[in-house]
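Residue numbers (our numbering), protein chains in the order written: chain F, 1 to 408; chain Y, 409 to 816.
Remarks on the structure that follows.
Number of protein chains: 2
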Amino acid sequence: MAFPTRATHQQTRAYNAALVLRALYDFGPISRAGVARLSGLTRTTVGEVVNDLVGDGLAREIGRGPSTGGKAPILLEFVDGARHVIGIDLGELVFRAALVDLRGQVQRTIERPVSGLTGNDAVRVVHELIEELTRGARATLLGIGVGTPGIVDASTGTIRRAVNLDWNDLPLGEILRTRHGVPVEVANDSRAAALAIELFSSRRRNNLVAITVGRGIGAGLVLGGELFHGDGFGAGEIGHVVVDDDGAECRCGRFGCLETVASATAILLRATEAAAADPTSPIGLRATYAAAATPATRLTLADVRAAIDEGDEPVRRIVVTAGRFLGQMVAGVIGVLDIEHIVLHGSVAQLGEPWIDAVRDEARRRSLRLLSQDVSIELAEPIGDLVMMGASALLLTAELGLAAGRAA
Amino acid sequence: MAFPTRATHQQTRAYNAALVLRALYDFGPISRAGVARLSGLTRTTVGEVVNDLVGDGLAREIGRGPSTGGKAPILLEFVDGARHVIGIDLGELVFRAALVDLRGQVQRTIERPVSGLTGNDAVRVVHELIEELTRGARATLLGIGVGTPGIVDASTGTIRRAVNLDWNDLPLGEILRTRHGVPVEVANDSRAAALAIELFSSRRRNNLVAITVGRGIGAGLVLGGELFHGDGFGAGEIGHVVVDDDGAECRCGRFGCLETVASATAILLRATEAAAADPTSPIGLRATYAAAATPATRLTLADVRAAIDEGDEPVRRIVVTAGRFLGQMVAGVIGVLDIEHIVLHGSVAQLGEPWIDAVRDEARRRSLRLLSQDVSIELAEPIGDLVMMGASALLLTAELGLAAGRAA
DNA sequence: GGCGTTCGTCCAGACACTTGACAAAGGCAG
DNA sequence: CTGCCTTTGTCAAGTGTCTGGACGAACGCC
């Protein structure tokens with residue numbers, strides 16, 4: 001294990017500066033004295049730091065606030081548009097990129113389909129997306145964040161393995177850094193999404209597990225205010241834990257992985273079977289209707305949701321079963337980590353109550369009551385494309401320290 | 409969420425002082441210049457800190473080392489006996505306490521049976537143990553560490569719930585602190601043991617999962633060099649995650665918890681059944697022999713181990729089944745955390761190869777190969793009563809910063 | 001014995017936080 | 001309206017701690 005590095009005065013300053021910035025970000029508008037009270041720093045120090053921030057354009061004075069018995073405070077606010085960040089979601093179907101301000105507000109989004117794109121061609125598309133967005137940027141570009149499927153060495157930005165794009169040990173971070181000359185952060189999509197939820201949702205939490213359930217299943221862990229990556233940057237790869245002993249073969253080669261029983265793909269597969277088995281059922285009618293329009297059209301999760309609302313009991317059971325398998329995994333997470341906030345997102349989340357109730361029920365049923373009684377399992381607030389936002393959040397955290405939770 | 413606290417110069421100093429101490433602890437004997445190279449600090453700063461440490465008796469010069477082309481370095485070593493720590497293991501059957509030096513070497517151990525002891529009577533026994541040990545102490549007492557079953561608020565040392573001792577929200581930390589006037593750390597036994605393995609075993613790891621398998625099952629997580637407690641101090645409570653859908657009732661009231669299928673209790677119960685089913689089998693003969701000596705005598709894990717060595721296939725299958733259930737949980741841990749070092753300990757560890765091979769096999773079979781290929785699942789090195797040692801380690805970490813893994 | 005190297009220490013300087021003081025700016029009582 | 005109290009923001013002085021340069025001491029090598 002590498003020996004830790006020393007502490008210096010510059011680090012102290014950087015830490016306290018980040019603290020002030022974060023106070024403005026989370027609690028602004030606020031006065032210098034207010035920040036001092038919040039952070040424990042003296043008014044003097046806060047004043048110095050704030051002046052630097054105002055010089056950098058990251059904060060500005062917005063006039064006086066109400067007096068509380070003395071001189072009226074000069075209120076400061078964080079300048080959301082002081083910098084821009086490019087957040088990129090390298091999805092399985094499309095690459096989506098956005099110009100995002102420091103508050104996570106999307107200014108502009110562009111996307112490209114990725115059908116069949118691999119290797120260097122895929123990298124070129126990423127370059128194009130970045131260049132198109134930078135042309136339209138008004139504020140200084142703080143950096144580029146990338147969320148991608150697969151396992152990513154987030155310390156260097158090297159993508160160890162992304163099957164669908166045929167990327168192996170691709171140093172995407174380094175490539176983008178040299179080409180575009182700004183800081184770059186790359187991380188797995190599920191982890192990025194977790195950071196987005198941590199940073200941009202209304203309540204900040206110290207510990208958080210965010211689980212994506214879409215075509216694949218993955219989790220992102222925020223522990224102590226920071227993303228946890230694990231020894232091999234594979235923390236949260238829960239989609240390929242075997243949960244069904246008699247399960248079907250997974251694309252990873254094993255049988256009965258969580259993905260084979262709880263992902264969108266798994267649900268749609270079983271819904272399609274149910275439709276074929278009973279063409280007069282709600283799901284059957286929807287399948288017929290969809291196929292009538294365009295023969296190759298397949299059922300969607302919206303169809304599944306609608307079928308349940310129309311009282312299709314077999315489909316409801318399919319969804320509940322999928323939810324229960326996920327709940328089994330969640331119970332394990334609760335037992336291992338005792339984290340109170342578990343957030344679910346991804347396409348399957350649109351199934352709503354029938355699904356999440358099954359997840360909750362099974363998670364509670366299978367974990368120690370003393371632990372699970374305080375656990376909240378919720379759907380993510382709708383704050384946009386979580387992976388893209390999370391990619392941006394990676395940068396805000398790395399460059400501005402906006403999410404670091406702990407003291408030094 | 410509470411706002412983080414500011415960084416000060418004192419913290420910088422404390423951090424760097426801990427860094428120097430740790431360099432001496434882990435890499436000593438070493439010169440001031442060597443510590444400077446290791447830590448990145450200047451020789452000046454290291455010299456100052458070292459002089460303080462020598463003044464406190466925590467380090468001493470032990471003469472000159474070999475020259476590497478210039479002035480021979482003055483070698484410094486950590487003084488293991490500069491302070492003593494009392495480590496206490498509040499086991500289910502006995503309370504065991506030891507006077508331990510800073511290297512984890514046990515100087516003296518005493519214990520008391522706890523049969524039927526509850527409430528304040530149990531607290532009184534803890535006091536007695538401490539007082540008996542302090543009477544014999546030569547070096548200054550650095551503090552008291554306690555490992556206990558149940559859920560413990562480690563930040564205050566309050567035991568939320570320990571069923572067997574009938575303790576509910578007992579502020580044991582506060583009680584011991586005021587009575588004995590030294591720093592006190594209290595934590596769950598499994599977490600304490602994990603810290604002992606992290607601190608006292610030959611290789612230090614940044615991330616570690618240590619799983620106790622005895623009468624109960626629990627885990628301790630070391631993440632980023634520090635114990636992870638979770639939101640409700642219940643991280644690692646894996647014994648009561650339901651893993652067997654058709655399982656037996658657990659003492660926690662649910663059915664099919666990991667403890668009901670993988671604990672020492674579970675294994676012995678099934679071994680006893682096997683013995684009764686076939687009195688001529690190795691395990692049957694052992695049961696008969698044991699009962700002949702004293703009628704109430706029960707089978708032990710040593711009997712189980714011996715029976716397997718004697719070729720008792722049904723008993724081997726019992727052990728393998730227990731190991732596989734644990735492996736299932738370990739697979740989940742690997743998927744969720746991607747931690748490469750998993751250490752098993754507790755009484756069941758004495759079953760050796762047949763058991764741990766089953767754990768390994770099942771864990772690998774059920775987790776993503778890309779993750780599990782680098783995972784090592786091993787038995788703990790035999791370094792004594794892990795809970796007692798861990799209780800001591802809690803203090804070394806809290807007071808001397810000997811385990812903190814990260815930079816500021 | 002001279003030279004280069006390494007070690008430990010001393011001293012000056014830089015950096016960043018703290019403390020105390022003060023002017024500016026507000027509310028409130030009389 | 002005046003005087004007093006409170007709060008804010010800044011300035012100057014002080015302190016703690018790291019850094020960097022320099023120097024004597026100690027050692028190996030030629």
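All C-beta atoms in this analysis are idealised placements derived from N, C-alpha and C, irrespective of residue type, glycine included.
| Under 7 Å between C-beta atoms, does serine 39(F) make it to chain Y? | In terms of beta-carbon proximity, serine 39(F) lines the interface with chain Y, with at least one pair separated by less than 7 Å.
| request: Determine the burial state of arginine 286(F): buried for a count of at least 16 other Cβ atoms within 10 Å of its Cβ, exposed for fewer. | output: buried
| query | Are three or more beta carbon pairs between the segment 267–281 of chain F and the segment 306–323 of chain F nearer than 8 Å? | reply | The way I'd put it, the segment 267–281 of chain F does touch the segment 306–323 of chain F; three or more beta-carbon pairs between them come closer than 8 Å.
| Buried or exposed: where does threonine 156(F) fall if 16 or more other Cβ atoms within 10 Å of its Cβ makes it buried? | Exposed, because fewer than 16 other Cβ atoms sit within 10 Å of the Cβ of threonine 156(F).
| Taking Cβ to Cβ, would you say isoleucine 62(F) is nearer than 7 Å to valine 209(F)? | no
| said: With H, G and I counted as helix, E and B as strand and the rest as coil, what does DSSP make of alanine 407(F)? | reply: In this prediction, alanine 407(F) scores a pLDDT of 32, lower than 50, which makes its location untrustworthy; the coordinate-derived value is nonetheless stated afterwards. Looking at alanine 407(F) - three-state DSSP - the assignment turns out to be coil, as it is neither helix nor strand.
| field | Inside the segment 571–659 of chain Y only - alpha helix (DSSP H) runs reaching at least 4 residues | value | 580–588 and 597–608
| query | Tell me which same chain residues have a C-beta within less than 8 Å of the C-beta of arginine 706(Y), skipping the five on either side of it? | reply | Leu676, Thr680 and Ala698
| Contact with chain Y by serine 202(F), beta-carbon distance below 7 Å | Interface annotation, serine 202(F): not in contact with chain Y, CB-CB separation never under 7 Å.
| Presumed contact (8 Å Cβ cut-off) between arginine 360(F) and alanine 331(F), rounded CB distance | No, arginine 360(F) and alanine 331(F) are not in contact; Cβ-Cβ is about 10 Å, not under 8 Å.
| request: Report the three-state DSSP secondary structure of glutamine 419(Y) (helix, strand or coil). | output: helix
| request: Check whether the Cβ atoms of alanine 771(Y) and glycine 735(Y) sit closer than 7 Å, and answer yes or no. | output: yes
| request: Identify the contact partners of isoleucine 559(Y) in chain F, using a Cβ-Cβ distance below 8 Å as the criterion. | output: Leu370
| query | Since serine 775(Y) meets chain F, which of its residues come closer than 8 Å, beta carbon to beta carbon? | reply | Chain-order list of chain F residues neighbouring serine 775(Y): His240, Val241 and Val242, by C-beta distance under 8 Å.
| field | Residue interval of the beta strand (DSSP E) (run including arginine 516(Y)) | value | 514–521
| task | Write down every uninterrupted run of the beta strand (DSSP E) in the segment 300–383 of chain F whose length is 3 residues or greater and which is fully enclosed by it, in chain order. | result | 341–345 and 376–379, all fully within the segment 300–383 of chain F.
| request: Closer than 8 Å by beta-carbon distance: list the chain Y residues that pair up with aspartate 433(F), in chain order. | output: Within the shown structure, residues of chain F are numbered from 1 to 408, placing residue 433(F) beyond reach of any answer.
| So, using beta-carbon positions, are aspartate 374(F) and glutamate 353(F) closer together than 7 Å? | no
| message | On the CB-based measure, 16 or more other CB atoms within 10 Å of its CB, does serine 598(Y) come out buried or exposed? | response | With at least 16 other beta carbons inside 10 angstroms of its own, serine 598(Y) counts as buried.
| query | alanine 7(F): buried (16+ other C-beta within 10 angstroms of its C-beta) or exposed? | reply | buried
| query | At what residues does the beta strand (DSSP E) containing alanine 139(F) begin and finish? | reply | No beta strand (DSSP E) holds alanine 139(F); DSSP gives it neither H nor E.
| Close-in-space but distant-in-sequence residues of the same chain around valine 795(Y) (CB under 6 Å, 5 per side omitted) | Taking C-beta separations shorter than 6 Å and ignoring five residues to either side along the sequence, the partners of valine 795(Y) in its chain run Asp497, Gly555, Asp597, Ala600 and Ala601, following chain order.
| Along chain Y, in chain order, which residues have C-beta atoms closer than 9 Å to that of valine 333(F)? | Gly740 and Val744
| task | Determine the DSSP secondary structure at asparagine 424(Y), reduced to helix, strand or coil. | result | Here asparagine 424(Y) sits in helix by DSSP.
| field | Residues of the segment 312–331 of chain F whose Cβ lies closer than 9 Å to any Cβ of chain Y, in chain order | value | The residues in question are Gln328, Met329 and Ala331.
| query | If you draw a straight line from the alpha carbon of alanine 408(F) to that of aspartate 639(Y), how long is it in whole angstroms? | reply | Low local confidence applies: a pLDDT of 28 at alanine 408(F) is under 50, so the model's placement there is unreliable, and no value is given.
| field | Nonlocal neighbours in the same chain, by C-beta distance under 7 Å from asparagine 168(F), ignoring five residues either side | value | Arg161
| task | Could you tell me the distance, in whole angstroms, from the CA atom of histidine 417(Y) to the CA atom of tyrosine 15(F)? | result | Each residue's alpha carbon lies about 12 Å from the other.
| query | Taking the alpha carbon of alanine 426(Y) as the point to measure from, which residue in Ile482(Y), Glu456(Y) and Arg662(Y) has its own alpha carbon closest? | reply | Glu456(Y)
| task | Grab me the residues of serine 447(Y)'s own chain with a C-beta within less than 8 Å of its C-beta, minus the 5 sequence neighbours each way, in chain order. | result | Asn424, Leu427, Val428, Ala431 and Val454
| task | For serine 31(F), write down the residues that DSSP places opposite it in a beta bridge. | result | Leu75(F)
| By how many angstroms is the C-alpha of cysteine 665(Y) removed from the C-alpha of arginine 724(Y)? | 21 Å
| Spatial distance of threonine 68(F) from threonine 42(F) (CA atoms) | 19 Å
| message | Please return the same chain residues whose Cβ sits closer than 6 Å to the Cβ of leucine 165(F), not counting the five positions on each side in sequence. | response | Thr118 and Ala122
| message | Taking its Cβ as the centre, do 16 or more other Cβ atoms sit within 10 Å of glutamate 539(Y), making it buried, or is it exposed? | response | Exposed.
| field | Neighbour flag for tyrosine 697(Y) against chain F, beta carbons, 7 Å | value | Taking Cβ atoms only, chain F never reaches closer than 7 Å to tyrosine 697(Y), which makes this a no.
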